[in-house]
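Heads up: the protein sequence lines correspond to chains A and B, in order. Last residue of the first sequence: number 275 in this note's numbering, and the count goes up by one each step with no gaps. Last residue of the second sequence: number 487 in this note's numbering, and the count goes up by one each step with no gaps. Idealized CB from N, CA, C, for every residue including glycine.
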Amino acid sequence: MHVEFNGVAKTFGSKRALDIPSWILENGDVVGLVGSNGAGKTTFLRILLDLVHADRGQVLFNGKDVRRQSRWRAQTGAFLDRSFLIDYLTIPEYLDFVGATFGLTRKQTSEALEPFASFLPLSKVDRRRLIRDLSTGNAKKVGILAALFITPKLIVLDEPFANLDPPSQMHLKQILSELAADPERSMIISSHDLGHVTEVCGRITLLHAGEIQKDLQTNTDTLAQLHAWFKEEGVVSAT
Amino acid sequence: MKARQGRFVRVLVGFLLVYAALVLVTLGLFFDRFSMTLLPDVPPVEIVNQSLVAAFITLFFLRFLLQKTPRMKVVPYLHLPIQQHRLVTFFQTASLLSVHNIYPLFFFIPFWMRFVVAGDSIEGNLMWIGAIILLILSSHFANLLIRGILRRQVGLFYLLITILIGTAYIDEVAGVGLQQRMSGFMFSDLLSGSATSLVLFLAWAFFVMVASTFHLARSLSDPEGEHGEKLPDAHSFQVPDEWGILGHLVRSELLLMWRNRRPRHYLLLSIFFSTFYLVLMLSSGDVFGGVAFPALLGLFASGGFALNYGQLMFCWDAANYQALITRNIAFHTMVRAKLIVLRTSCLLLFLLSLPLFIALRPDLVALHTAFLFYNVGITSALIMELATRNKQRLDVTQGGGFFNFEGISARHMLWIIPTALPPVLFLQAMHESPDLGLTILALIGLGSLIFTEPLTRYFARGLRIRKHTMVEGFTVHAR
């Protein structure tokens, strides 16, 4: 699995949202995408998932432009926001639906969900409650679960830790770490939580005003480096 | 372009509102000419008196389907330093300015002035119009009360109203005419100067007004879903695993239309048209002569749902469109699922309305059947062409009542021309050999099914090409 951004640029009106000359995700990479509000993280992910048309450049998935073929969808699990859910379905209906998109029967879907029982215990949820009636945190758990249980080659998550309670955050970190152990799997996780993201991700891509400012391998100093950068950037922005 | 479309729709709606008001005023003023064709020996006032109970029950059913309650309007103001009872009173009063309350008066006031006031008793005349106003008020507040109580048991309401209408129908068919006699007696009694019925109407209006106001106030201090109140169960059904994602997409479409207010309204109104309303149309005998009217009746009797619901397909999915297009689902499969739903709806409405055609207008059964094939083959395809070009987000949780034209543009209004005009003109041209005309129409519809696969590919290609503009349009209000 190989993802490549080649000269991708996007502007909204007169505002430059993204300008990435080159960025590559290799097999097994677990990338944390960080940056301030409006840095271009969500636009980055939306162009990757072919939800936004880039003004120029292309995103290649295994060498093929994501706009020209759709095979990448069979290998990708993504959750950006609530619009990735079908909110008039119940949790089991939605998960069955997602399972069916990968050719799973209801029984196979149920089996595939078992390893994630600690994150969202389906035996304890109200199986007749519609997703739109769930709290923000529980709806997010359903979305993340739907992106993960099909064990895709590429996982794309936007702010997965936000709105989750502390136990769920811990469970999610554990699950993501276990999934990241598979060298055939890659992940892109956008987050404002520098602590979580440096803990889970082996590589950090820092975006600022639509451009990549830093792209570094995570080590024991990364968190401090990021804090220092954001502190400085905050001062510069304020002035 | 969008602004122009919005203006066009507003002008069209305004025109239709004025037109409807004028029709009602004219009907009220010249009711005798209308009643003379139906019951030449019965005075207009007597006809109206006998029909009032049935009319108000029917209007109540429409009101229940379409009219909103003021509850959601009050909620945003609850945090302000205004006493709750003042808010409740204000919004309850403001809710009276509803088309459901105003439009009946466009008929009743001219009718009263022309036919009722001519009577002898001044008190009786005043009590008659007073009773009409009280019935409108009662209907209004009863709707707010019943909606509040049954908001979680809508199925029960439909059951009750079906029993009520069924009983009224049996009463009518069996020749008992109990509700007609009761209605006639109460209003004739009023006209003779007796206030008994008025007191009853007044007591009923007062009761539902107080009860609905009390219920609204109580529902605001005990918000839904809190204090252990149980959310409604989501009734569901399964599709066999062998049907794969296609089966799941069809199932999701059915659940979408049942679990969201606006598509559900479209569904219920289509059923309403193909049953109760169709009875009126078919019973009118040759009042509507010519070819055009029966052709339109045929088009809508089986294709009503496809035309109403289908033209907004994909907009219904606006809130979760990204959930579909980032998943491993081919556009081709999405189109297939929607075509299955549209075509099946034509078949089901055909079957639902077939007994009415057989009983009331057996001469139109052939037309009804021909239009089934035409709708399944041609109308569904035309509607899908329109639907794949939609790119405006819709709030499916809003009702589909009057004035909710969200997502409807000039294109949607004008689409009726290429959909309805060709079969009407064709049947007009074939009026000397109507059977041959209907056979050709049916064969065209049936024959077009052969092109299902290339058409599906064509629609899927359109969705692929317009993918980004659709996503942008569907998310624009969500930001």
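Query raised in the report: Can you tell which of A:Gln249, A:Asp257, A:Thr258, A:Gln253 has the C-alpha that lies nearest to the C-alpha of Glu269 of chain A?
Result: Working through the first sequence from its first residue, we reach residue 269 of chain A at position 233. The option with the nearest alpha carbon to Glu269 of chain A is A:Gln249.
Query raised in the report: By a C-beta neighbour count over all protein chains shown, 10 Å radius and 16 as the cutoff for buried, is Tyr27 of chain B buried or exposed?
Result: Sequence index remark: in the second sequence, residue 27 of chain B carries index 19 (1-based). Tyr27 of chain B comes out exposed.
Query - Any chain A beta carbon closer than 8 angstroms to His256 of chain B - result: Numbered from its first residue, the second sequence carries residue 256 of chain B at position 248. True, the Cβ-Cβ gap to chain A drops below 8 angstroms.
Query raised in the report: Should Val479 of chain B go down as buried or exposed, given a rule of 16 or more other Cβ atoms within 10 Å for buried?
Result: Here residue 479 of chain B refers to the residue found at position 471 of the second sequence. Val479 of chain B comes out buried.
Query raised in the report: What are the boundary residues of the alpha helix (DSSP H) that Lys209 of chain A is part of?
Result: Mapped onto the first sequence, residue 209 of chain A falls at position 173. 202 to 216 is the extent of the alpha helix (DSSP H) around Lys209 of chain A.
**Report entry** Residue-level contact to chain B via CB, Ser119 of chain A, 8 angstroms cutoff
**Finding:** Residue 119 of chain A sits at position 83 when you count from the first residue of the first sequence. For Ser119 of chain A, the nearest CB of chain B lies under 8 angstroms from its own CB, placing it at the interface with that chain.
Query - Same chain, Cβ closer than 7 angstroms to Gly138 of chain B, five either side skipped, listed in chain order - result: Within the second sequence, residue 138 of chain B is the residue found at index 130, counting from 1. These residues qualify, in order along the chain: Leu206.
Query raised in the report: Where do the N-terminal and C-terminal ends of the alpha helix (DSSP H) with Gly445 of chain B fall, by residue?
Result: For the purposes of this step, residue 445 of chain B is taken as residue 437 along the second sequence, with counting starting at 1. Per DSSP, Gly445 of chain B belongs to the alpha helix (DSSP H) from 442 to 456.
Requested in this report: Would you list, in sequence order, the uninterrupted alpha helix (DSSP H) runs of no fewer than 4 residues that lie entirely inside the region 77 to 155 of chain B?
Outcome: 79 to 82, 92 to 102, 107 to 119
**Report entry** Any chain A beta carbon closer than 8 angstroms to Ile348 of chain B
**Finding:** The sequence position of residue 348 of chain B within the second sequence is 340, counting from 1. Not one chain A Cβ lies under 8 angstroms of Ile348 of chain B.
**Report entry** Of the residues A:Gly139, A:Thr126, A:Gln94, A:Asp169, the one placed nearest Phe245 of chain B, counting alpha carbons only
**Finding:** For the purposes of this step, residue 245 of chain B is identified with residue 237 of the second sequence, where counting begins at 1. Closest option to Phe245 of chain B, Cα to Cα, is A:Thr126.
**Report entry** Residues of the region 68 to 89 of chain A whose Cβ lies closer than 9 angstroms to any Cβ of chain B, in chain order
**Finding:** Residues of the region 68 to 89 of chain A with a C-beta atom less than 9 angstroms from some C-beta of chain B are Arg82, Leu85, Asp86, Leu87, Val88, His89, listed in chain order.
Requested in this report: From the DSSP output, read off the bridge partner residues of Met223 of chain A.
Outcome: Within the first sequence, the letter at position 187 stands for residue 223 of chain A. Answer by DSSP bridge pairing, in chain order: A:Val66, A:Ile191.
Query raised in the report: Measuring CB to CB, does Arg369 of chain B end up less than 8 angstroms from Leu254 of chain B?
Result: As a working note, residue 369 of chain B is residue 361 in the second sequence. As a working note, residue 254 of chain B is residue 246 in the second sequence. No, Cβ-Cβ distance for Arg369 of chain B and Leu254 of chain B is not below 8 angstroms.
Report task. Give the C-beta separation of Thr137 of chain A and Ile337 of chain B to the nearest angstrom, bearing in mind that I take them to be a contact with Cβ-Cβ under 8 angstroms. Result -> Within the first sequence, the letter at position 101 stands for residue 137 of chain A. Within the second sequence, the letter at position 329 stands for residue 337 of chain B. Contact flag correct, Cβ pair sits at about 5 angstroms.
Report task. May I ask you to report which of helix, strand or coil DSSP gives Thr221 of chain B? Result -> If you number the second sequence from 1, residue 221 of chain B lands on position 213. If DSSP states are grouped into helix, strand and coil, Thr221 of chain B belongs with the helices.
Query raised in the report: If contact means a Cβ-Cβ distance below 8 angstroms, which residues of the region 122 to 141 of chain A contact chain D?
Result: The structure shown contains no chain D; the protein chains it does contain are A and B.
Query raised in the report: Do you know offhand how far Glu234 of chain B's Cα is from Leu228 of chain B's?
Result: Sequence index remark: in the second sequence, residue 234 of chain B carries index 226 (1-based). Sequence index remark: in the second sequence, residue 228 of chain B carries index 220 (1-based). Confidence in Glu234 of chain B is poor, its pLDDT being 42 and thus under 50, which makes the residue's placement unreliable; the coordinate value appears in the next sentence. About 11 angstroms.
Query raised in the report: Closest Cβ-Cβ distance between Leu166 of chain A and chain B: below 8 angstroms?
Result: For the purposes of this step, residue 166 of chain A is identified with residue 130 of the first sequence, where counting begins at 1. With 8 angstroms as the cut-off, Leu166 of chain A counts as an interface residue toward chain B.
Requested in this report: Determine, using beta carbons only, whether Met289 of chain B and Lys346 of chain B come nearer to each other than 8 angstroms.
Outcome: As a working mapping, residue 289 of chain B is identified with position 281 in the second sequence. As a working mapping, residue 346 of chain B is identified with position 338 in the second sequence. Between Met289 of chain B and Lys346 of chain B, the gap from beta carbon to beta carbon reaches 8 angstroms or more.
Query raised in the report: Residues in the region 47 to 64 of chain A with C-beta within 8 angstroms of chain B's C-beta atoms, listed in sequence order?
Result: none
Query raised in the report: In chain order, what residues of the same chain have a beta carbon less than 6 angstroms from the beta carbon of Asn398 of chain B, not counting five sequence neighbours either side?
Result: In the second sequence, counting from the first residue as 1, residue 398 of chain B sits at position 390. Result list for Asn398 of chain B: Phe322, Cys323, in chain order.
Query raised in the report: Between which two residues does the beta strand (DSSP E) harbouring Asp251 of chain A extend?
Result: Within the first sequence, residue 251 of chain A is the residue found at index 215, counting from 1. Here the beta strand (DSSP E) through Asp251 of chain A covers 247 to 253.
Query raised in the report: Which residues in the same chain have their Cβ closer than 6 angstroms to the Cβ of Glu232 of chain B, if we skip the five residues on either side of it in sequence?
Result: Locating residue 232 of chain B in the second sequence gives position 224, where the first residue counts as 1. Only weak support is given to the placement of Glu232 of chain B: the predicted model assigns it a pLDDT of 47, under 50, and the value that follows is read from those uncertain coordinates. Closer than 6 angstroms at the Cβ level, and outside the excluded window around Glu232 of chain B, lies no residue.
Query - Neighbourhood of Ala90 of chain A by C-beta, 7 angstroms cutoff - its chain only, sequence neighbours within 5 removed - result: Position 54 of the first sequence, counted from the start, is the residue given in the question as residue 90 of chain A. So the qualifying residues of the chain are Val44, Ala45, Lys46, Ile83.
Requested in this report: Could you tell me which uninterrupted alpha helix (DSSP H) segments, each at least 4 residues in length, are contained entirely in the region 378 to 402 of chain B, listed from first to last along the chain?
Outcome: 388 to 395
Report task. List the residues that DSSP assigns as beta-bridge partners of Gly173 of chain A. Result -> Indexing the first sequence from 1 puts residue 173 of chain A at position 137. According to DSSP, which records beta bridges pairwise, Gly173 of chain A is partnered with nothing at all.
Report task. Reducing DSSP to helix, strand and coil, say where Ser244 of chain B ends up. Result -> For the purposes of this step, residue 244 of chain B is identified with residue 236 of the second sequence, where counting begins at 1. Coil, per DSSP.
Query - Chain-ordered residues of the region 184 to 218 of chain A with a beta carbon less than 7 angstroms from chain B - result: none
**Report entry** Complete runs of the beta strand (DSSP E) confined to the region 54 to 110 of chain A [at least 3 residues]
**Finding:** The DSSP assignment places complete beta strand (DSSP E) segments of no fewer than 3 residues inside the region 54 to 110 of chain A at 66 to 71, 92 to 97, in order along the chain.
**Report entry** Three-state secondary structure (DSSP) of Val26 of chain B
**Finding:** Your numbering for residue 26 of chain B matches position 18 in the second sequence. Val26 of chain B: helix per DSSP, three-state reduction.
Requested in this report: Report all residues from its chain with a CB closer than 6 angstroms to the CB of His108 of chain B; omit the five preceding and five following residues, and keep chain order.
Outcome: Within the second sequence, the letter at position 100 stands for residue 108 of chain B. Hits under 6 angstroms: Arg71, Gln75.
Query raised in the report: Should Ser244 of chain B be flagged as near chain A, meaning a C-beta pair shorter than 8 angstroms?
Result: One-based indexing of the second sequence puts residue 244 of chain B at position 236. Closer than 8 angstroms to some Cβ of chain A, the Cβ of Ser244 of chain B qualifies, so yes.
Requested in this report: Compare the beta carbon distance of Ala327 of chain B and Asp123 of chain A with 8 angstroms and say whether it is the shorter of the two.
Outcome: Against the second sequence, residue 327 of chain B aligns to sequence position 319. Against the first sequence, residue 123 of chain A aligns to sequence position 87. Their beta carbons are under 8 angstroms apart, which means Ala327 of chain B touches Asp123 of chain A by this criterion.
Query raised in the report: So, using beta-carbon positions, are Gly246 of chain A and Leu54 of chain A closer together than 8 angstroms?
Result: On the first sequence, position 210 is the one that residue 246 of chain A refers to. On the first sequence, position 18 is the one that residue 54 of chain A refers to. Contact flag set, yes.
Query - Cβ-based neighbour list, Leu449 of chain B, same chain, cut-off 8 angstroms, excluding 5 preceding and 5 following - result: If you number the second sequence from 1, residue 449 of chain B lands on position 441. For Leu449 of chain B, where only same-chain residues beyond five positions count, the Cβ hits under 8 angstroms are Ala378, Phe379, Phe381, Tyr382, Pro431, Phe434, Leu435.
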